[in-house]
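Counting in our numbering, the sequence shown runs from 141 upward without gaps. Only one structure is covered here, and it is reproduced in the block below.
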Amino acid sequence: MVIEDSAYGVQAARAAGMRTFGYCGGLTPASRLEGPGTTLFDEMRDLPKLLATTIH
């Protein structure tokens, strides 16, 4: 599982076959992070809920 806010980080995580969460609430727009296997979020306070639903 990877949490990333850069396009290169998301691409690397996908290439490694990892579940990826892309944070698009900073400098990188959602359009550069979206793709298969990537869940986007724009509020860090939402991350615990996203992780909980993924793990369980």
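Note that beta-carbon positions come from the ideal geometry of N, C-alpha and C, so glycine has one too. Everything numeric in this text was worked out from a predicted model, so none of it was measured.
With DSSP collapsed to three states, give me the class of residue i.
i    : result
T193 : helix
G162 : strand
L180 : strand
What separation, rounded to the nearest whole angstrom, lies between the Cα atoms of residue i and residue j?
i    : j    : result
R154 : R185 : 24 Å
A170 : D182 : 9 Å
G166 : L180 : 12 Å
L191 : G157 : 17 Å
T168 : I195 : 26 Å
Measure from the C-beta of residue i to each C-beta in chain B and report whether the shortest distance is under 7 Å.
i    : result
M184 : Reference to chain B is not applicable here, since this structure consists of a single protein chain.
On the CB-based measure, 16 or more other CB atoms within 10 Å of its CB, does residue i come out buried or exposed?
i    : result
Y163 : buried
T160 : buried
Which one or two residues does DSSP pair with residue i in a beta bridge?
i    : result
V142 : T160
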